[in-house]
Amino acid sequence: MSLLRFAQPKAPEADLQKTYDAVVVGSGAAGGMAAHVLTSHGLKVLLLEAGKKLDIEQELRSMEWPYDHPRRGNMPPEYHALTSNEYTIRQPPYAKGMPYPKVFSYVQGWGGSDYSKNIVVNEKEHPYTGTDYAWVRARLLGGKTAIWGRLALRLSDYDFKAKSRDGYGEDWPISYADIEPYYDKVDEYLGISGVKEGLPYLPDSIFQRPTRLNPAEVRLRQSLQKMGRVLTPYRAGVTTDGLKHNKYRSRCFGRGACNRRSGGCDIHAAFDSPTGLIYPAMDTGNLTLRTNATAYEVTVDPKTGLARGVSFIDTDTRQTYEAKGRAIIIAASTLESARLMLLSKSPAHPNGIGNSSGHVGHNFCEHLMGPSVSGLVKDLVGKPHTLDDGRPGGFYLARFRNLDQKQPDFIRGYGFEGSSGLGMFPGNAYDTPGFGSGFKKQVRDYAGAFISMGAFGEVLARYENYMDIDPVVKDAWGVPVLRFHYTFGDNERKMAADMAATGREMFEAAGIEIVHSDADILTEGWSIHELGTARMGADPKTSVLNQFQQSHDVKNLLVVDGSSHVSASCQNPTWTIMALAWRSCDHLAEQMRTGEV
Ligand SMILES: Cc1cc2nc3c(=O)[nH]c(=O)nc-3n(C[C@H](O)[C@H](O)[C@H](O)COP(=O)(O)OP(=O)(O)OC[C@H]3O[C@@H](n4cnc5c(N)ncnc54)[C@H](O)[C@@H]3O)c2cc1C
Ligand code: SF4
């Protein structure tokens, strides 16, 4: 049983005869924010979500102990999670021909997979083709925010104006000053915990109470200070002090469940789109929600070429419908949004809606993962046990490459996420030899003394990295699927070599004995931070959207998710996705008020 349950608001039934002020596609971070902002301006909004509304507290059961679950939290044995090897030896569609009734992406190989088995999509129903890509999708009300990792970081002008610094790619059509007020709004509306560090390349948020670093992490932080590098407590998109204006969310009780499983918090201290954005939007009386509604085309008024509505298929009955809106907001997540735009072909938009530039699906970027290091802090061995994993995250080590000094081998940067200390299950038990009381003592003595971290680096946006529609393969609902044409390049490989070297160096400098390190790059897509595919820009010939995420071609069409990002930076994207969506929807509401749209 979850600790807290709040009465959920009721939304009116969708009225498909009516023209809504706006139809929003997708209910994750981006779509939830669009619904919140537009309804708060008094606009009548219909939110279409392909997935179901799950009884999410019952799914997550954050308080359930491993021994109260028949399989210690694991999903049924006949279900399969793709392994890292399968992503390299098989080819998409990875699940094709596999004997299991359900096949999931790699995140279902983590602990507690039974709690997310209805959240992450079944690859058998949702295939894709082309080059290797570990695509993690969540189809339910709230999308991936139901299980996201909560690291909530800002971008800076080191990112927005990266081309001006190193000459590669394109600058964003906005600067930090444009988005800063919206980052502030997101912080205050949703809650974020962290510590101010005053770094120009990782701007501070308006933080609530931070979580504490444990002794091994403090040691690493202090050692890094001598190198001019900054390790800071996890900046978590979690309300640690509570939010007086939101009755659907509780403050964080430090139970650590979100950190032990693939994510999720059943008291919603960690941000998720339904309790953070959608339920409050329903309370305005302006939001209508239609779940089980998979959009497959943005329809067009043939006279004006403007967007008229969204055709969708009922995921259960497979019947098709059209919902109509004065403005259409696509927020189906980076890759799904590109898919929907490319599927929306009409005489007015023969390459797909908003795609006169030919850039939809292109300039894809994300974060590179793989290099990591684990070590032992010897003087913590045998120390009294402490509660270390009762927190929503460990630490973040901010970018330090290509700030003041240029790296000779590669451009852009990377950061590390990591943690240390005692967990609910001592992972070192697997590698400790022996048995009996000696074995148990050894496991217990060493359990809290390990520290590890893994790097996340910027993958450069390149036109040649793109997705298009597969001419043959369709998903379980008959909708043509995406085909990937995407690989890492030389800059990524050189950056990965540097990540592996600096990870080791930093542990050695802190006197941490290295027990394991990895230099290999994980399969493309592993970061779950997909970006690009409908980038913003000033020039309609080389970009898809203007700085307000509004289509250059179709002024009543907005694309408010990560597809609008011009470059990936190395910081996790969700806080930026929401700040941009807020800014763009404020702008749209003003344009609708003045009759411009
Ligand atoms: C395990 C995990 C850890 C993560 N950790 C972090 C982190 O620490 N920090 C961070 O910043 N980010 C993290 N992320 C990424 C983060 O979740 C995403 O950046 C964020 O959710 C993106 O929001 P979105 O609205 O674009 O997409 P989503 O949240 O995926 O929402 C898209 C929604 O659109 C719906 N949809 C898709 N296609 C259609 C269609 N055709 N019609 C109707 N609806 C449709 C989907 O069902 C979904 O509900 C993590 C993700 C995962 C899975
Ligand atoms: S640590 Fe906080 S955010 Fe995480 S599950 Fe517990 S209460 Fe929720």
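The sequence shown begins at 255 in this note's numbering and counts up one residue at a time. The C-beta atom is built at its ideal place from N, Cα and C for all residues, glycine as well.
Residue i CB to nearest heavy atom of ligand 2 below 7 Å
i      : result
Gly629 : no
Ala406 : no
Phe507 : yes
Asn513 : yes
Pro646 : yes
Ala400 : no
Ser673 : no
Gly496 : no
Val277 : no
Gly510 : yes
Cys839 : no
Contact check, residue i vs residue j, beta carbons under 8 Å
i      : j      : result
Thr553 : Arg562 : yes
Tyr360 : Ser410 : no
Glu671 : Leu474 : no
Ser316 : Cys506 : no
Thr529 : Tyr502 : yes
Cys824 : Glu746 : no
Leu597 : Glu551 : yes
Ala750 : Ser626 : no
Asp368 : His334 : no
Per-residue DSSP class, three states only, for residue i
i      : result
Glu379 : coil
Tyr488 : coil
Val697 : helix
Cys512 : helix
Glu671 : strand
His290 : helix
Thr542 : strand
Ile831 : helix
Arg655 : coil
Phe710 : strand
Leu257 : Confidence at Leu257 is low in this model, with a pLDDT of 48, below 50, so the placement of that residue should be treated as unreliable; the coordinate-derived value is given next. The answer is coil: DSSP assigns Leu257 none of H, G, I, E or B.
Leu811 : strand
Met790 : strand
Met481 : coil
Ser281 : coil
Tyr575 : strand
Ala581 : strand
His613 : coil
Glu767 : strand
Residue of the options minimising C-alpha distance to residue i
i      : options                           : result
Ala523 : Glu759, Ala400 and Ala683         : Ala400
Arg509 : Trp319, Pro725 and Ala835         : Trp319
Arg489 : Ala511, Ser367, Ile460 and Asn468 : Ile460
Val635 : Ala392, Lys695 and Gly624         : Lys695
Trp836 : Ala265, Ala284, Thr273 and Asp275 : Ala284
Thr796 : Ala602, Leu467, Trp426 and Leu453 : Trp426
Val631 : Asp570, Ser706, Ser565 and Met287 : Ser706
Asp413 : Thr756, Asn682 and Asn656         : Asn656
Gly282 : Ser504, Val726, Arg393 and Pro680 : Arg393
Val851 : Gln804, Asp269 and Ser821         : Gln804
Asn468 : Phe704, Leu407 and Ser691         : Phe704
Gly816 : Arg716, Ala585 and Asp729         : Ala585
His621 : Asn328, Ala822 and Lys415         : Ala822
beta-carbon residue i near ligand 1 non-hydrogen atom, thresh 7 Å
i      : result
Ser821 : no
Asn682 : no
Glu590 : yes
Thr571 : no
Ala284 : yes
Leu651 : no
Leu394 : yes
Val614 : no
Ser477 : no
Ile782 : yes
Thr828 : yes
Thr545 : no
Val361 : yes
heavy atom of ligand 3 below 7 Å from residue i C-beta
i      : result
Ser316 : Ligand 3 is not part of the structure shown, which contains ligand 1 and ligand 2 as its ligands.
Exercise. Counting pairs of beta carbons, one from the segment 417-425 and one from the segment 532-547, are three or more of them closer than 8 Å?
Worked result: Note that the segment 417-425 does not touch the segment 532-547; fewer than 3 beta-carbon pairs, one per stretch, sit closer than 8 Å.
For this session: Could you tell me whether the segment 635-647 touches the segment 665-676, where touching means 3 or more Cβ pairs closer than 8 Å?
Result: yes
Problem set entry | Touching by the beta-carbon criterion (3+ pairs, under 8 Å), the segment 727-741 and the segment 588-598 | Verdict: yes, contact present.
Problem set entry | Segment contact flag, the segment 433-443 with the segment 469-487, C-beta cutoff 8 Å, min 3 pairs | no
Exercise. Would you call the segment 787-794 and the segment 751-769 in contact, with 3 or more CB pairs under 8 Å?
Worked result: no
For this session: Please determine if the segment 762-780 and the segment 810-824 are in contact, where contact requires at least 3 C-beta pairs separated by less than 8 Å.
Result: no
Exercise. Is the segment 833-847 in contact with the segment 288-302, if contact means three or more CB pairs nearer than 8 Å?
Worked result: yes
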